[in-house]
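Numbering (our numbering), first residue to last: 532 to 889. The block underneath contains the structure these notes are about, expressed in structure tokens.
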């Protein structure tokens, strides 16, 4: 009881708790995963779309530089120039922005799957409390996040610094090279640095997502009392479940008792077990168990059988086998056919009836 009342969250969260948390938007998610995927996608997009983007920008600059020195500020001219700019820019910007959107979407789906909820956007009045806000800002969790963010920046700056230090002498030696060559080299180096930063961010993102997953699981843990309360709310009170179970059992027993008067024979143990059998070759190729029971139920079956002149035969091994292996409503197995035929032959000799043909 001391462990139960301690309030420690030692139990794994139930599926219901996980589901409710997901509905509220409480899922394990790392913004670093989004940043890493978007950065790598942007670098890859520039690698493949960069030449066409450069040509489009060059054509745009050429169109404006080759135009008249004095611009007409009339309305039709402004609209026409704006349309030209939009046409040139949209030709490479829209595919690139679409690529970024798909990257962000995939990054979220990989982390949390398909989830749409507006609950995180709901206004929470407790967050407007300045005292609570200061406590959150000064909390250990906020300081840890700040330290982590500074650490990420330092890692990125360090990688960029080493990259620049390694490539700066080469760039300084290109002072006499043609401008288009210098532009191509710089573009390649920028892409190389982007991929390095993206890969570093991806490593950080994997570590951060693993931590967020662990923290989310830890936050969802439950106390033993919470687990009991949730099970009680989901399945109902244990006493009520037991009452419903007993009620269903009584209904099933009542149905079985109603089938005893139509049985052909009751096989007994002799006092502990009773099994009522019905043989109707037009409905079933084999005899069917219509009722069975032990103790008081066995006595009740025999009592009803006597009231309706249903023969009662004592066969201990057969009664035990029928009770153990055959459910109510199921036919007896073939291994019991021979014994049943002998029993029914004896019963029909007593009653003066003839055994139905199968």
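Using N, Cα and C, we set each Cβ at its ideal position, and we do this for glycine too.
Just the C-alpha distance for residue i and residue j, rounded to the nearest angstrom, thanks.
i: residue 742; j: residue 560; result: 10 Å
i: residue 639; j: residue 541; result: 30 Å
i: residue 573; j: residue 633; result: 11 Å
i: residue 842; j: residue 878; result: 7 Å
i: residue 543; j: residue 558; result: 16 Å
i: residue 630; j: residue 580; result: 11 Å
i: residue 756; j: residue 550; result: 19 Å
i: residue 702; j: residue 620; result: 30 Å
i: residue 568; j: residue 555; result: 25 Å
i: residue 592; j: residue 586; result: 10 Å
i: residue 626; j: residue 713; result: 27 Å
i: residue 820; j: residue 845; result: 16 Å
i: residue 810; j: residue 862; result: 9 Å
i: residue 676; j: residue 682; result: 10 Å
i: residue 571; j: residue 737; result: 14 Å
i: residue 539; j: residue 753; result: 8 Å
i: residue 831; j: residue 875; result: 22 Å
i: residue 829; j: residue 864; result: 22 Å
i: residue 615; j: residue 685; result: 42 Å
i: residue 566; j: residue 635; result: 8 Å
i: residue 797; j: residue 759; result: 45 Å
By the DSSP assignment, the alpha helix (DSSP H) with residue i in it spans what residues?
i: residue 725; result: 710 to 751
i: residue 646; result: Here residue 646 belongs to no alpha helix (DSSP H), and DSSP marks it neither H nor E.
i: residue 835; result: 827 to 838
i: residue 552; result: 546 to 554
i: residue 807; result: Per DSSP, residue 807 belongs to no alpha helix (DSSP H); it is in the beta strand (DSSP E), 804 to 809.
For residue i, count the other beta carbons within 10 Å of its own beta carbon; 16 or more makes it buried, fewer makes it exposed. Which is it?
i: residue 536; result: Since pLDDT at residue 536 reaches only 48, below the 50 mark, its modelled position is unreliable, and no value is offered.
i: residue 805; result: buried
i: residue 871; result: buried
i: residue 795; result: buried
i: residue 739; result: buried
i: residue 818; result: buried
i: residue 642; result: buried
i: residue 825; result: exposed
i: residue 815; result: exposed
i: residue 840; result: exposed
i: residue 734; result: exposed
i: residue 705; result: exposed
i: residue 576; result: buried
i: residue 873; result: exposed
i: residue 728; result: buried
Taking 7 Å as the cut-off, does the CB of residue i come closer than this to any heavy atom belonging to the ligand ADP?
i: residue 628; result: With respect to small molecules bound, the structure shown includes none, and the ligand ADP cannot be examined in it.
Give me the Cβ distance between residue i and residue j, rounded to the nearest whole Å; I'm assuming they're in contact under 8 Å.
i: residue 548; j: residue 751; result: 6 Å
i: residue 748; j: residue 545; result: Not really, about 13 Å apart at Cβ, beyond 8 Å.
i: residue 836; j: residue 807; result: 7 Å
i: residue 849; j: residue 867; result: 7 Å
i: residue 790; j: residue 822; result: 5 Å
i: residue 855; j: residue 799; result: Actually they are not in contact, since the Cβ atoms of residue 855 and residue 799 sit about 15 Å apart, beyond 8 Å.
i: residue 563; j: residue 687; result: With 8 Å as the limit, residue 563 and residue 687 do not qualify as a contact, their Cβ atoms being about 11 Å apart.
i: residue 473; j: residue 722; result: Here the chain has residues from 532 to 889 only, and residue 473 is not among them.
Which residues does DSSP list as the beta-bridge partners of residue i?
i: residue 684; result: Note: residue 684 sits in no beta bridge, so no partner.
i: residue 576; result: Note: residue 576 sits in no beta bridge, so no partner.
i: residue 542; result: 753
i: residue 824; result: 805
i: residue 862; result: 819
Hey, quick one: how far does the beta strand (DSSP E) through residue i stretch, first residue to last?
i: residue 843; result: 843 to 845
i: residue 495; result: Look at the range of the chain in this structure, 532 to 889, and you will see that residue 495 is not part of it.
Is the CB of residue i under 8 Å away from at least one CB in chain D?
i: residue 557; result: This model lacks chain D altogether, as it is built from one protein chain only.
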